[in-house]
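**Student:**
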Amino acid sequence: MRFPTLPSPHLAPSNSVSRIMLQVLVALVPGVMALVWQFGPGVLVQIPIALISALTAEAMVLLLRKRPVLPVLLDGSAALTAVLLAVSLPPLVPWWMTAFGVSFAIIIGKQLYGGLGFNPFNPAMLGYAVLLISFPLQMTAWLPPLALAHATVSFSDCVALIFQQVTHASFDGLAQATPLDTLKTQLGLQTHLDEIQSAQVFGGLSGKGWQWVNWWLLAGGLWMIRRGLIDWRIPLSLLGSLYLLAMFFFLYKPALYPTPLFHWFSGATMLGAFFIATDPVSASTTPRGRLVYGALIGVLVYVIRSWGGYPDGVAFAVLLLNVAAPTIDCYTRPRVYGHKA
Amino acid sequence: MNIEPYRKIAYDGLWKNNQALVALLGLCPLLAVSNSVINSLGLGLATTVALVLSNTIVSLIRSQVSHEVRLPVYVLVIAANVTIIDLLMNAFFHELHKILGIFIPLIVTNCAIIGRAEAFASKNTLDKALADGFFVGLGFTLALMALGALRELIGTGTLFSRADWLFGDIAKHWSIQVFDDYGGFLLAILPPGAFIGLGLLIAVKNVIDARGK
Numbered sequence: 001m002r003f004p005t006l007p008s009p010h011l012a013p014s015n016s017v018s019r020i021m022l023q024v025l026v027a028l029v030p031g032v033m034a035l036v037w038q039f040g041p042g043v044l045v046q047i048p049i050a051l052i053s054a055l056t057a058e059a060m061v062l063l064l065r066k067r068p069v070l071p072v073l074l075d076g077s078a079a080l081t082a083v084l085l086a087v088s089l090p091p092l093v094p095w096w097m098t099a100f101g102v103s104f105a106i107i108i109g110k111q112l113y114g115g116l117g118f119n120p121f122n123p124a125m126l127g128y129a130v131l132l133i134s135f136p137l138q139m140t141a142w143l144p145p146l147a148l149a150h151a152t153v154s155f156s157d158c159v160a161l162i163f164q165q166v167t168h169a170s171f172d173g174l175a176q177a178t179p180l181d182t183l184k185t186q187l188g189l190q191t192h193l194d195e196i197q198s199a200q201v202f203g204g205l206s207g208k209g210w211q212w213v214n215w216w217l218l219a220g221g222l223w224m225i226r227r228g229l230i231d232w233r234i235p236l237s238l239l240g241s242l243y244l245l246a247m248f249f250f251l252y253k254p255a256l257y258p259t260p261l262f263h264w265f266s267g268a269t270m271l272g273a274f275f276i277a278t279d280p281v282s283a284s285t286t287p288r289g290r291l292v293y294g295a296l297i298g299v300l301v302y303v304i305r306s307w308g309g310y311p312d313g314v315a316f317a318v319l320l321l322n323v324a325a326p327t328i329d330c331y332t333r334p335r336v337y338g339h340k341a
Numbered sequence: 001m002n003i004e005p006y007r008k009i010a011y012d013g014l015w016k017n018n019q020a021l022v023a024l025l026g027l028c029p030l031l032a033v034s035n036s037v038i039n040s041l042g043l044g045l046a047t048t049v050a051l052v053l054s055n056t057i058v059s060l061i062r063s064q065v066s067h068e069v070r071l072p073v074y075v076l077v078i079a080a081n082v083t084i085i086d087l088l089m090n091a092f093f094h095e096l097h098k099i100l101g102i103f104i105p106l107i108v109t110n111c112a113i114i115g116r117a118e119a120f121a122s123k124n125t126l127d128k129a130l131a132d133g134f135f136v137g138l139g140f141t142l143a144l145m146a147l148g149a150l151r152e153l154i155g156t157g158t159l160f161s162r163a164d165w166l167f168g169d170i171a172k173h174w175s176i177q178v179f180d181d182y183g184g185f186l187l188a189i190l191p192p193g194a195f196i197g198l199g200l201l202i203a204v205k206n207v208i209d210a211r212g213k
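The following block contains the structure:
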């Protein structure tokens with residue numbers, strides 16, 4: 001058997017868009033596994049729904065724009081958007097919400113601006129924000145983590161619940177507020193922090209279940225940095241500024257502000273730091289700019305979580321800094337070799 | 001009577017130079033109150049009346065006003081008209097007036113009105129200024145209503161809800177429930193829905209224009 005022999009240099013193929021997207025999807029696998037382990041197989045139903053809607057929406061717009069359909073569909077960017085959104089949704093939201101959010105992300109968030117590379121906002125977070133603003137009730141109903149679940153939800157239960165073949169009553173019985181959500185409502189009721197955190201949903205570094213999801217996403221993120229898929233600057237500055245700010249307020253008033261590690265390992269912190277904020281299209285591109293961009297997202301996440309109207313602020317923080325990214329880039333342009341600054 | 005100039009005025013006001021969709025003037029009230037058809041219609045009519053009145057008066061006094069002070073004079077004329085409209089709406093459409101709130105007095109600052117006064121009424125005879133005010137106002141109202149219908153339909157699944165605020169008791173049952181058992185879509189009612197909706201309307205207009213060529 002003969003193998004085709006290529007001329008030198010015999011280097012590994014350079015990264016293409018689809019290769020990068022595929023590797024990011026691989027990096028998400030541990031996080032998805034943790035989600036399934038802690039919150040049941042709902043996310044495994046959401047991902048196919050999201051994928052199908054994303055690819056359909058993208059194909060439809062491309063046909064309307066009279067652009068080649070297959071190459072764009074195969075670059076994997078729409079698939080990545082779909083999976084990122086599916087991972088950030090509560091596992092049992094109705095199917096039409098997932099489908100709508102993903103279609104909105106692809107059509108309005110990406111294709112209307114001109115497709116991949118032209119979108120000023122991270123499409124997945126745009127879809128998430130639209131869903132959160134429009135359907136606050138369903139978007140805050142998370143399942144209890146493994147340690148607290150009274151009954152395990154099987155795969156077929158999830159399918160039935162997501163496609164709404166069962167009444168809402170059973171779903172309401174299952175749903176539970178997230179640790180961040182509990183924290184926000186209880187602090188609003190002037191409850192002492194220690195008292196709040198003795199509630200069942202808290203445990204370990206942040207909340208039962210939540211910390212595992214964040215640990216595993218962190219693992220996937222570190223793998224991506226090792227592979228050179230993402231720049232270390234954005235996650236580092238994001239987590240760093242979140243840590244410092246949380247530490248400052250924790251030391252200032254431990255009765256009101258939870259520990260920095262609580263912020264690191266609850267909600268969408270790790271997903272945001274490694275998978276969302278590092279989106280090469282909508283993030284800042286200069287080295288110093290990335291540090292500023294990440295740090296400001298960290299600050300905003302803390303501000304929204306502590307004093308804002310929503311329990312978690314990763315989506316809004318990323319979207320706001322997406323708007324600022326071009327300006328940040330403009331002021332942090334690296335010095336060109338041989339020229340003065 | 002030569003009808004040609006009026007036809008051009010109507011075409012410009014309603015379509016070619018639509019204040020909302022082409023000139024993008026008066027966006028503040030346009031985006032803020034267009035969350036239902038009736039709100040849109042109420043504000044659109046108020047704007048139209050203000051436009052007709054101010055165009056008429058500006059056209060009548062155009063030879064007396066010196067060039068240097070024209071803008072303050074126009075603003076005074078518009079402010080006086082809007083105050084009259086504000087008080088009348090408060091008296092006769094009190095419920096609607098409560099909802100539209102600050103946006104009725106804010107018609108004073110609507111660039112579309114001072115724009116028409118400056119660009120058209122101060123250079124044309126009374127009849128043309130009147131026609132211009134009417135058609136520009138109508139164009140604005142129609143765009144506002146289209147956006148209002150879009151947002152109300154998507155946001156709450158109804159059309160013409162609370163029509164009695166504008167048309168009195170006979171309109172109590174005009175509200176149409178288009179989708180039964182509709183959960184509502186908050187985004188369309190909230191400010192982002194206004195921006196996205198207006199963007200889509202402008203896109204539709206551009207598509208129609210492009211097809212026409």
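So the sequence lines, in the order shown, correspond to chains A and B.
Mapping of the first sequence onto our numbering: residues 1 to 341, in sequence order.
Mapping of the second sequence onto our numbering: residues 1 to 213, in sequence order.
Where a beta carbon is used, it is the ideal one built from N, C-alpha and C, also for glycine.
These figures come from a predicted structure and were not determined experimentally.
Counting contacts by CB-CB distance shorter than 7 Å, is LEU186 (chain B) in contact with chain A?
**Tutor:** It does; some Cβ of chain A falls within 7 Å.
**Student:** Measure the C-alpha to C-alpha separation of LEU238 (chain A) and ALA273 (chain A) and round it to an integer number of angstroms.
**Tutor:** C-alpha separation (whole angstroms): 6 Å.
**Student:** Tell me which same chain residues have a C-beta within less than 7 Å of the C-beta of THR286 (chain A), skipping the five on either side of it?
**Tutor:** Closer than 7 Å at the Cβ level, and outside the excluded window around THR286 (chain A), lie ASP329, THR332, ARG333, PRO334.
**Student:** In chain B, what lies closer than 7 Å to ILE162 (chain A) by C-beta?
**Tutor:** Residues of chain B passing the Cβ test: none, with the nearest at roughly 16 Å.
**Student:** State the start and end residues of the unbroken alpha helix (DSSP H) segment that holds PHE262 (chain A).
**Tutor:** Here the alpha helix (DSSP H) through PHE262 (chain A) covers 260-264.
**Student:** Per DSSP, which one or two residues make a beta bridge with LEU159 (chain B)?
**Tutor:** LEU159 (chain B) pairs with B:ILE176.
**Student:** Runs of 4 residues minimum, wholly inside the segment 91-144 of chain B: which ones carry the alpha helix (DSSP H) assignment?
**Tutor:** Fully enclosed alpha helix (DSSP H) runs of 4 or longer: 94-100, 111-119.
**Student:** Can you confirm whether ILE304 (chain A), when its beta carbon is compared against all beta carbons of chain B, has any partner nearer than 7 Å?
**Tutor:** Taking Cβ atoms only, chain B never reaches closer than 7 Å to ILE304 (chain A), which makes this a no.
**Student:** Give the C-beta separation of LEU43 (chain B) and VAL33 (chain B) to the nearest angstrom, bearing in mind that I take them to be a contact with Cβ-Cβ under 8 Å.
**Tutor:** Right, the Cβ-Cβ distance comes to about 5 Å (below 8 Å), so this counts as a contact.
**Student:** When the cut-off is 7 Å and only beta carbons count, does ILE234 (chain A) lie next to chain B?
**Tutor:** It does not: the Cβ of ILE234 (chain A) has no partner Cβ on chain B nearer than 7 Å.
**Student:** Residues in its own chain within less than 7 Å of LEU51 (chain B) by CB, not counting five upstream and five downstream?
**Tutor:** Around LEU51 (chain B): ILE113, ARG116, GLY133, VAL136, GLY137.
**Student:** Quick one: residues in its chain with C-beta nearer than 6 Å to the C-beta of GLY139 (chain B), no 5 flanking neighbours on either side, listed in chain order?
**Tutor:** GLY13, LEU14, ASN18, listed in sequence order.
**Student:** If we ignore side chains and look at the alpha-carbon of each, how far apart do LEU321 (chain A) and LEU300 (chain A) end up?
**Tutor:** About 9 Å.
**Student:** In chain A, which residues lie with their C-beta within 9 Å of the C-beta of ILE196 (chain B)?
**Tutor:** What ILE196 (chain B) touches in chain A: ILE108.
**Student:** What three-state label does DSSP hand ALA194 (chain B) in the structure shown?
**Tutor:** It is helical.
**Student:** Which of the three DSSP states is assigned to TRP223 (chain A) in this structure?
**Tutor:** Helix, per DSSP.
**Student:** Does the distance from the CB of ALA124 (chain A) to the CB of ILE106 (chain A) come in under 7 Å?
**Tutor:** Cβ atoms of ALA124 (chain A) and ILE106 (chain A): not closer than 7 Å.
**Student:** Taking LEU190 (chain B) as the query, report the chain A residues whose CB atoms sit under 9 Å from its CB, ordered along the chain.
**Tutor:** Those are ILE133, SER134, listed as they occur along chain A.
**Student:** Inspect the beta-carbon positions of LEU28 (chain A) and GLY209 (chain A) and report whether they are closer than 7 Å.
**Tutor:** Contact flag unset, no.
**Student:** Say whether chain B places a C-beta atom closer than 7 Å to the C-beta of VAL72 (chain A).
**Tutor:** For VAL72 (chain A), the answer is no, since every Cβ of chain B falls outside 7 Å of its Cβ.
**Student:** Counting contacts by CB-CB distance shorter than 7 Å, is VAL130 (chain A) in contact with chain B?
**Tutor:** Yes, VAL130 (chain A) counts as interfacial toward chain B.
**Student:** So LEU60 (chain B) and LEU147 (chain B) are supposed to be a Cβ contact under 8 Å. How far apart are they, rounded?
**Tutor:** Contact flag wrong, Cβ pair sits at about 33 Å.
**Student:** Excluding the five sequence neighbours on either side, which residues of its own chain have a C-beta within less than 7 Å of the C-beta of GLN177 (chain B), listed in chain order?
**Tutor:** These residues qualify, in order along the chain: GLY157, THR158.
**Student:** Please state whether the Cβ-Cβ distance between GLY193 (chain B) and ARG162 (chain B) is less than 7 Å.
**Tutor:** Result no, Cβ atoms of GLY193 (chain B) and ARG162 (chain B) do not sit closer than 7 Å.
**Student:** Over what stretch of residues does the alpha helix (DSSP H) that includes PRO39 (chain B) continue unbroken?
**Tutor:** Here the sequence assigns Asn to residue 39 (chain B), which means Pro is not the residue at that position. Counting along the chain, the alpha helix (DSSP H) containing ASN39 (chain B) begins and ends at 37-60.
**Student:** Give me the Cα-Cα distance between LEU27 (chain B) and ALA20 (chain B), rounded to the nearest whole angstrom.
**Tutor:** C-alpha separation (whole angstroms): 7 Å.
**Student:** Closer than 8 Å by C-beta to LEU342 (chain A): which residues in its own chain qualify, once you throw out the five before and the five after it? Chain order, please.
**Tutor:** Residue 342 (chain A) lies beyond the residue range present for chain A, which begins at 1 and ends at 341; the question has no answer from this structure.
**Student:** Please go through the same chain and pick out, in chain order, the residues whose beta-carbon is closer than 6 Å to the beta-carbon of ALA315 (chain A), but skip the five residues on each side of it.
**Tutor:** These residues qualify, in order along the chain: MET125, TYR128, ALA129.
**Student:** Leaving out five residues before and five after THR109 (chain B) in sequence, what residues of the same chain have Cβ atoms less than 6 Å from its Cβ?
**Tutor:** Within the same chain, THR109 (chain B) has no close Cβ partners at all.
**Student:** Find out if the Cβ-Cβ distance for the pair PRO94 (chain A), TRP142 (chain A) is shorter than 7 Å.
**Tutor:** No, they are not a contact pair.
**Student:** What is the DSSP secondary structure of SER134 (chain A), reduced to helix, strand or coil?
**Tutor:** If DSSP states are grouped into helix, strand and coil, SER134 (chain A) belongs with the helices.
**Student:** How many Å lie between LEU80 (chain A) and ILE47 (chain A) at the Cα?
**Tutor:** Taking the straight line from one Cα to the other gives about 10 Å.
**Student:** For PHE202 (chain A), does the three-state DSSP call read helix, strand or coil?
**Tutor:** It is a strand residue.
**Student:** Put GLY109 (chain A) into one of helix, strand or coil per three-state DSSP.
**Tutor:** The answer is helix: DSSP assigns GLY109 (chain A) an H, G or I state.
**Student:** Whole angstroms is fine: what's the gap from ASP181 (chain A)'s alpha carbon to TRP216 (chain A)'s?
**Tutor:** Between ASP181 (chain A) and TRP216 (chain A), the C-alpha separation is close to 22 Å.
**Student:** What's the gap between the Cα of VAL318 (chain A) and the Cα of TYR257 (chain A)?
**Tutor:** Going from the Cα of VAL318 (chain A) to the Cα of TYR257 (chain A) covers about 23 Å.
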